[in-house]
Amino acid sequence: MRKSKRIAIVGGGAAGMLAALAVQAAGQQATLFERNKRLGIKILISGGGKCNITHNAAPRPMEQGFIPPEARFLRYAFHTLTSDTLLAMLHAEGLQTFTRPNGRVFPVSGSADDVLSAFERMLQRAQATVETNAHIQSVLVEHGVAVGVQRAGNALRFDAVIVATGGISYRKVGTTGDGIGWGESLGIPVVPLRPALAPIYFAPPPPAGWQGVALRDVQLTFAPTLQELNIPNAKHFNQAWRDDLLLTHRGASGPAALEISRAVALAQESGSPLHILADILPDQSHDDLLDMFLERLQSSPTSEIQTFVGGFVPQAVVESVLEQAGMEPGRKLGAVRREERKKLIATLKQWRVGTVGEVPIDRGEVTAGGIALSAVEPTTMLSRAVNNLYFAGEALDVAGRVGGYNLQAAFSTGWVAGQAAATNPQEQ
Ligand SMILES: Cc1cc2nc3c(=O)[nH]c(=O)nc-3n(C[C@H](O)[C@H](O)[C@H](O)COP(=O)(O)OP(=O)(O)OC[C@H]3O[C@@H](n4cnc5c(N)ncnc54)[C@H](O)[C@@H]3O)c2cc1C
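All residue numbers for the sequence shown refer to my numbering, where the first residue is 2 and numbers rise by one.
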């Protein structure tokens, strides 16, 4: 039987693959164009090669991985393709998964390749047309209607186009924000692109000895805050995050740094110098720390302050903490004056880890900004400005937390776009 609608999907990542599967499931013909030689490069590098496929959450809790305006936009998509449905698709393909206590879902094999292979098999069985090494140059639009795509100088006509070209981080792997640029050139509103889930580089860079040092379970913040800088909608953004902090030769990384990086990047636009601050002992109050100090003082008054501080932080950063507290490492506990003690405790509660130099957008796990959510219909992913043109995945202005939320957003929006493109009446 001849399929009646031919739908082009540009970008063979999580969103594009699910869009193609939805088109095929609806009985129409999907052609998936991917510039790389294989689909799903970001799935392959996700989760450190292990792929945190999704978050084990019902649709409403899934929204908690996103700031409120993004969560509202994603509501319909998360209900339409839930993480359970997605996992059922993968399980049916023979992929085994497990859920960590924190809700993150991974393949049992620990291999992102197995996740991608499962999608590739699904696409093959569904008889979607997959064109790899296929770099699309633009979307063809005539009289406000998308009519196809331009590839290597050839105009390829389709009944609808789904743009799923991703964000602009990790450009080397092929995500260069093409679809966002196409949207912009068609007059579709675009929210400025910003890094999210990115490391934070310091200026000056950290001392050489810090590389690879981890501080477990700290509360990471920055100053001045978005409120202090009068940045609109400040309350939407994570400005403090409790988790592990990893120090690198450039600055801060690890989950705590990644989670506040979007807000740090936003704050940086004010031009104010920004400091990254860590509460090294978030469960201990100032009074608790004072008690700990006094107990130690009683039991070993001649021990050195560096030994006391070294009980809380890795050796490599003891000097920096003491420097901020204004104390020499060899000072005996018994010789620490009251005011100095207070300052030391205040430093442990708010250690200035470094001054922000850059939040590199290319190193972000996800790009914030992109096609404005107000420009897209959330129950179809159809552009409000250009008929038969759909957007899905990271090309949209969505950027979630670490934990499988971003892939699920791409899968769900891709599925919705595919379903809608296959079933919506077409504008000619
Ligand atoms: C290092 C890293 C680790 C991550 N880990 C996780 C994780 O564990 N869990 C999680 O949920 N999220 C993770 N993410 C985020 C997640 O990978 C992305 O949010 C998600 O892949 C976005 O899916 P997408 O389909 O919208 O875009 P992408 O996956 O980026 O796919 C877009 C595709 O479009 C192709 N393309 C671009 N332009 C063109 C063009 N002009 N013509 C043809 N093809 C084109 C690209 O080559 C690419 O394959 C991680 C990201 C990174 C960078």
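Just so you know, even glycine gets a beta-carbon here, dropped at the ideal spot from N, CA and C.
Cα-Cα separation between residue i and residue j, rounded to whole angstroms
i	j	result
residue 2	residue 217	Bear in mind that a pLDDT of 47 at residue 2, under 50, signals an unreliable position, so the number given afterwards is only what the model happens to contain. Residue 2 and residue 217: Cα-Cα distance of roughly 60 Å.
residue 335	residue 295	10 Å
residue 254	residue 74	29 Å
residue 101	residue 92	17 Å
residue 144	residue 85	41 Å
residue 325	residue 306	13 Å
residue 419	residue 164	11 Å
residue 245	residue 359	20 Å
residue 230	residue 339	34 Å
residue 314	residue 67	32 Å
residue 425	residue 363	36 Å
residue 82	residue 152	31 Å
residue 410	residue 16	8 Å
residue 252	residue 386	42 Å
residue 21	residue 6	13 Å
residue 133	residue 384	26 Å
residue 18	residue 117	10 Å
residue 113	residue 408	12 Å
residue 232	residue 329	39 Å
residue 300	residue 291	14 Å
residue 417	residue 377	12 Å
residue 293	residue 224	28 Å
Integer Cβ distance of residue i from residue j, believed to fall under 8 Å
i	j	result
residue 275	residue 357	4 Å
residue 197	residue 271	Contact flag wrong, Cβ pair sits at about 18 Å.
residue 389	residue 146	5 Å
residue 87	residue 412	5 Å
residue 212	residue 280	Contact doesn't hold; Cβ gap of about 23 Å is too wide.
residue 192	residue 72	With a Cβ gap of about 16 Å, residue 192 and residue 72 do not count as contacting.
Residue i and residue j closer than 7 Å at C-beta
i	j	result
residue 278	residue 222	yes
residue 25	residue 129	yes
residue 11	residue 169	no
residue 365	residue 393	no
residue 195	residue 119	no
residue 189	residue 371	no
residue 150	residue 9	yes
residue 50	residue 35	no
residue 458	residue 29	Outside the modelled stretch of the chain, which goes from 2 to 429, sits residue 458, for which no answer is possible.
residue 287	residue 346	yes
residue 249	residue 396	no
residue 282	residue 349	yes
residue 215	residue 247	yes
residue 174	residue 158	no
residue 122	residue 94	yes
Buried or exposed by the 16-neighbour rule on C-beta atoms within 10 Å, applied to residue i
i	result
residue 97	exposed
residue 56	buried
residue 273	exposed
residue 156	exposed
residue 375	exposed
residue 240	buried
residue 367	buried
residue 125	exposed
residue 228	exposed
residue 60	buried
residue 404	buried
residue 178	buried
residue 284	exposed
residue 172	exposed
residue 234	exposed
residue 421	buried
residue 316	exposed
residue 108	buried
residue 23	buried
First and last residue of the uninterrupted beta strand (DSSP E) at residue i
i	result
residue 409	From DSSP, residue 409 is part of no beta strand (DSSP E) but of the alpha helix (DSSP H) over 406 to 424.
residue 222	215 to 224
residue 185	Note, residue 185: premise wrong, no beta strand (DSSP E); alpha helix (DSSP H) at 179 to 186.
residue 392	390 to 392
residue 194	191 to 197
residue 347	Looking at the DSSP string, residue 347 is not in any beta strand (DSSP E); the run it does join, the alpha helix (DSSP H), is 339 to 350.
residue 201	201 to 203
First through last residue of the alpha helix (DSSP H) which encompasses residue i
i	result
residue 287	287 to 300
residue 306	306 to 311
residue 74	69 to 81
residue 118	113 to 126
residue 319	316 to 326
residue 85	84 to 93
residue 273	Counting along the chain, residue 273 falls outside any alpha helix (DSSP H), and DSSP gives it neither H nor E.
residue 24	15 to 26
residue 62	60 to 64
residue 42	42 to 46
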